[in-house]
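Here's the structure we're looking at; comments come further down.
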Amino acid sequence: MDPMVRFQDVHKSFGAVEVLKGITLDVPRGDVVVLVGRSGSGKSTALRCINGLETVNGGELHVCGEKLHDGKTDLRKLRQEVGIVFQSYNLFPHLTVEQNVTLAPRKVMKVGAKEAKELAAHVLAQVGLSEKAQSYPEQLSGGQQQRVAIARSLAMKPKLMLFDEVTSALDPELTGEVLRVIERLAQDGMTMVLVTHEMGFARGVADQIVFMHHGKVWERGGAEMLRAPQTPELQQFVATDL
Amino acid sequence: MGYEFDFSFLSEYAPDLWRGVWLTLWMTVVSIVPGFVLGTLCAIGRIYGSPPVRRVATIYVEAIRNTPLVIQVFWLFFGLAVLGARLDAFTAAVIALSINVGAYTAEIMRAGFESIPRGQREAASCLALSGPQRVLYVELPQAVERVYPALVSQFILMMLATSIMSQISAEELTGVAYQIQSFTFRGFEAYLVTAGIYLVLVTMLRLTLHGVALAAFPRRRRLGTPL
Ligand SMILES: Nc1ncnc2c1ncn2[C@@H]1O[C@H](COP(=O)(O)OP(=O)(O)O)[C@@H](O)[C@H]1O
Ligand SMILES: [Mg+2]
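So the protein sequences, as listed, match chains A and B. So the first sequence is numbered by the working numbering: it starts at 8 and just counts up by one. So the second sequence is numbered by the working numbering: it starts at 101 and just counts up by one.
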């Protein structure tokens, strides 16, 4: 079967600066791929290319069987299939939790009011926030807001979820509740690409770990890779970042 | 010296004052809605429009904000009449006020849109909302909420600005007051009372707009944040 995401020698530059220098990477369906690496190594950029937030300059990128960036990609269709959650939760502050979750299903997928409410109840239960449906984002903790952001993405029934350092803005005692939600998604078979600094979590959840360095896939392997790094760069990263 | 205050003329002129009050109120209310819509469309046009749209919106906003309202009204009322397009005074006043407040609203709303964090826009796009859906459901409500106090001030200034409309024979409150003082020679009393009436009208407008805010921003209503 086709992989969910296929990078083939993907290049990306911002002006004169090349940020991705030939990424080749497959994300098989149902797998969890974790990107690790130093700040500035291109992890976020790689992730953002997958849902069309950035356009690639070279190579080929296929997502859900469609080739991206050939000038006629339907970004709205792509984004119905690919959910993304950022470090900053970006909930809509003027809407209740339930309205945050149902806005896109109602307006984009034209789901009816009643069905949307049921959908919201379902995804909020998935992230353990059923009782917060009528709250506003500002009434929630950071961890709860991030779980709502995840639920909001899940409500679009994506085939692929992207997570970019979703716990980096949270106090340590709040990261656990968010990571548990992601772990459960992984167990349920969701295909995911995630960037994280939580190495213990990465080892636990990843089918494949990808160490990025200077815009390249420097080293990749299973969860055990972090214990036995092959390259000096990963050795150093593991030594300083854990 | 030895001036004796006398407010007794009030009862005789009460019906005229009443008519003036209604005209002032009516002009204000009828101008706020189209002014707000026009200004908001202009703000959106200036931020997201194509270059020609942006240029037209900018010219409109700058032309209106850099010329006196009274000239705008005269041009609509006397100027267009020369060309054979005769507007009645009320219509000319309402059009002029809407266009005028629209230009100021455009600047206020533009500030509102621009103050929304980038992440909001990105989150909306990532949820596959179209551009218009994003503006309508995500940006517009937040923009209005952020600049609401400035909008209220602008609408109040507009209510006060209706006082020039007697110059095109729309007998609003100030026009009535002028007539009363010219008949009774009681300028002190007439304008004092008129000022008091404006104060009441402005207060009513402020309270009404506060009520509108409570209806429009349920989060503020729920969380009790003052506007
Ligand atoms: N929109 C942008 N414009 C210019 N440079 C950018 C932009 N986004 C990222 N970069 C640069 O690209 C490099 C990689 O960034 P990023 O993908 O965010 O790295 P990471 O997520 O691994 O920290 C950095 O040097 C960053 O400064
Ligand atoms: Mg990053």
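Just so it is clear, CB atoms sit at the ideal spot from N, CA and C, and this is done for glycine as well.
| Asked | Found |
| --- | --- |
| Measure the beta-carbon distance from Ala140(A) to Glu88(A) and round it to whole angstroms, keeping in mind my assumption that it falls under 8 Å. | Not really, about 26 Å apart at Cβ, beyond 8 Å. |
| If Val26(A) sits next to Thr52(A), beta carbons under 8 Å apart, how far is it from one beta carbon to the other, in whole angstroms? | 5 Å |
| Does DSSP put Thr31(A) in a helix, a strand or coil? | strand |
| Does the segment 161-180 of chain A touch the segment 97-117 of chain A, meaning 3 or more C-beta pairs lie closer than 8 Å? | yes |
| To the nearest whole angstrom, what separates the beta carbons of His101(A) and Pro241(B), a pair I think is in contact under 8 Å? | 5 Å |
| Whole angstroms are fine: how far does the CA of Leu176(B) sit from the CA of Ser198(B)? | 12 Å |
| Quick one: which chain B residues come within Cβ less than 8 Å of Arg234(A)? | Neighbours of Arg234(A) on chain B: none; closest Cβ ~35 Å, over 8 Å. |
| Looking at chain A, is there any beta carbon in it that lies within less than 7 Å of the beta carbon of Val312(B)? | no |
| Please work out which residues of its chain come closer than 6 Å, Cβ to Cβ, to Phe218(A), disregarding the five sequence neighbours upstream and downstream, and give them in chain order. | Val43, Gly44, Trp225, Glu226, Leu241 |
| Hey, how far is the Cα of Val155(A) from the Cα of Val188(A)? | 11 Å |
| Cβ of Lys19(A) within 6 Å of any heavy atom in ligand 2? | no |
| When you measure from the CB of Gly50(A) to every non-hydrogen atom of ligand 1, does any distance come out below 6 Å? | The residue asked about is misnamed: residue 50(A) is Lys in this sequence, not Gly. Because some heavy atom of ligand 1 lies under 6 Å away, the Cβ of Lys50(A) counts as near it: yes. |
| Out of curiosity, what's the CA-to-CA distance linking Val202(A) and Gln243(A)? | 19 Å |
| By a C-beta neighbour count over all protein chains shown, 10 Å radius and 16 as the cutoff for buried, is Arg328(B) buried or exposed? | The structure shown does not extend to residue 328(B), since chain B spans only 101 to 327, so no value can be given for it. |
| Could you spell out where the beta strand (DSSP E) holding Thr198(A) opens and where it closes? | 198-202 |
| So with CB distances below 9 Å, who are the chain B contacts of Val115(A)? | Leu227, Ala228, Leu229, Ser230, Gln233 |
| Exposed or buried, what is Ser131(B) when buried is set at 16 or more other beta-carbons lying within 10 Å of its beta-carbon? | buried |
| Mark Gly150(A) as exposed unless 16 or more other C-beta atoms lie within 10 angstroms of its C-beta, in which case mark it buried. | buried |
| Can the beta-carbon of Gly364(B) be found closer than 7 Å to that of Gly202(B)? | Given a span of 101 to 327 for chain B in the structure shown, any question on residue 364(B) remains unanswerable. |
| Our contact map puts Glu172(A) next to Gln94(A) with C-beta atoms below 8 Å; I'd like the distance itself, whole angstroms only. | 5 Å |
| Could one say the Cβ of Phe99(A) lies closer than 7 Å to chain B's Cβ atoms, at least one of them? | yes |
| Give a yes or no on contact between the segment 105-116 of chain B and the segment 278-290 of chain B, applying the rule of three or more CB pairs nearer than 8 Å. | yes |
| What first and last residue would you give for the alpha helix (DSSP H) that runs through Gly145(B)? | 109-148 |
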